[in-house]
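S.K.:
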Amino acid sequence: MARRNRVRRHRLHVLLPSEAGPVGRFLTSRAGVLLIALLALAAGFLLGRVTDSAADVRAEQQVRDIKAEFSRKLRNEREKAAVKAKEYVIIEEASAKLQVENQELLASMAALDDRVAFFKRMASPKAAAMPVDIDLFELLPGPAPGVVRYRLLITRNNPSGAVLQGSVRVRLQGAGGRHQDMTLDQPRIQLRYYQQFSGEWAVPAGFTPERVDIQIKGGSSTVERRFKWEVKNR
Numbered sequence: 001m002a003r004r005n006r007v008r009r010h011r012l013h014v015l016l017p018s019e020a021g022p023v024g025r026f027l028t029s030r031a032g033v034l035l036i037a038l039l040a041l042a043a044g045f046l047l048g049r050v051t052d053s054a055a056d057v058r059a060e061q062q063v064r065d066i067k068a069e070f071s072r073k074l075r076n077e078r079e080k081a082a083v084k085a086k087e088y089v090i091i092e093e094a095s096a097k098l099q100v101e102n103q104e105l106l107a108s109m110a111a112l113d114d115r116v117a118f119f120k121r122m123a124s125p126k127a128a129a130m131p132v133d134i135d136l137f138e139l140l141p142g143p144a145p146g147v148v149r150y151r152l153l154i155t156r157n158n159p160s161g162a163v164l165q166g167s168v169r170v171r172l173q174g175a176g177g178r179h180q181d182m183t184l185d186q187p188r189i190q191l192r193y194y195q196q197f198s199g200e201w202a203v204p205a206g207f208t209p210e211r212v213d214i215q216i217k218g219g220s221s222t223v224e225r226r227f228k229w230e231v232k233n234r
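All residue numbers for the sequence shown refer to the UniProt record's numbering, where the first residue is 1 and numbers rise by one.
(1) On the DSSP letters alone, give me the boundaries of the beta strand (DSSP E) that W229 sits inside.
(2) Between the Cα of Q180 and the Cα atoms of A107, P204, E138, N233, which residue gives the shortest distance?
(3) Could you check if Y88 is buried or exposed, using at least 16 other CB atoms within 10 Å of its CB as the buried criterion?
(4) Just the Cα atoms here: how many angstroms apart are E200 and R149?
(5) Does the Cβ of T155 have 16 or more other Cβ atoms within 10 Å, making it buried, or fewer, making it exposed?
(6) If we require 3 or more residues per run, which beta strand (DSSP E) segments fall completely within the stretch 118 to 198?
(7) Which residue or residues does DSSP assign as beta-bridge partners of I216?
(8) Just to confirm my understanding: we take V170, look at its own chain, exclude 5 residues before and 5 after, and list those with CB closer than 6 Å. What are they?
(9) Kindly list the residues whose CB is nearer than 7 Å to the CB of Q186, restricted to its own chain and excluding five residues on each side of it in sequence; keep chain order.
(10) Taking its Cβ as the centre, do 16 or more other Cβ atoms sit within 10 Å of V100, making it buried, or is it exposed?
(11) Would E138 pass as a contact of K228 if the rule is Cβ separation under 8 Å?
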């Protein structure tokens, strides 16, 4: 019991400045206290710098992570946009091809309708009364100013199947009674049922056509037709 009391007294013993020696007296002096305070401030400052540095490192890492995520999303969006652009190009090409095919189909149907109408006219009573006739005449724009393209279709009702030979004459009528004879690339006719003529005419400078007179001579028949000078835009 006496030993435990001695231990407790020893543990509770506080060193007085006079008993602590030089170091103890210095630490308990004003200078020592000031030094301890300065050391505490320095330690706190260094700890704060270390903490701030760690926070900066975490912030920089977060920025890098955000940039990486943004780059990944941007790359994905670009890939999606490229796929959609390719799909759009494919759709546009298919649509353009479909339009061309549709136009070709319409042109084929129109050509077929024209042929059916042509053969109906050939078999009509009116055609039987006209041994030779002009079924079609049209003017189209040419490759240069003052140049036009022409198309002429001559038909014949020919039960016998014999070949008819003859000639075609074309004259342009202008203002003031002026006229200009035009030649065909193939002025002679030689047909059994129909014959088509096509080519280009160069209209003389200063001459403005108003009408086109076409005369066909074949065998004992002569046919004359007059058409308005009209250039179609097609």
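Just so it is clear, CB atoms sit at the ideal spot from N, CA and C, and this is done for glycine as well.
M.R.: Once the coordinates are examined:
(1) Walking along the sequence shown from the start, residue 229 turns up at place 229. Unbroken run through W229: none, as it is neither H nor E.
(2) Locating residue 180 in the sequence shown gives position 180, counting from the first residue. Taking only the C-alpha atoms, the option nearest Q180 is P204.
(3) For the purposes of this step, residue 88 is taken as residue 88 along the sequence shown, with counting starting at 1. Y88 comes out exposed.
(4) As a working mapping, residue 200 is identified with position 200 in the sequence shown. As a working mapping, residue 149 is identified with position 149 in the sequence shown. If you take the alpha carbons of E200 and R149, they lie about 4 Å apart.
(5) Residue mapping note: residue 155 aligns to position 155 of the sequence shown, counting from 1. With 16 or more other Cβ atoms within 10 Å, it is buried.
(6) 132 to 141, 147 to 156, 164 to 174, 179 to 182, 188 to 191
(7) Start at 1 with the first residue of the sequence shown, and residue 216 comes out as number 216. I216 pairs with V168, V223.
(8) Taking the first residue of the sequence shown as 1, we reach residue 170 at position 170. Result list for V170: M182, I214, in chain order.
(9) Numbered from 1 along the sequence shown, position 186 holds the residue referred to as residue 186. Correct list, in chain order: F197.
(10) Taking the first residue of the sequence shown as 1, we reach residue 100 at position 100. By the 10 Å Cβ count, V100 comes out exposed.
(11) Here residue 138 refers to the residue found at position 138 when the sequence shown is read from its first residue. Here residue 228 refers to the residue found at position 228 when the sequence shown is read from its first residue. The answer is no: Cβ separation not under 8 Å.
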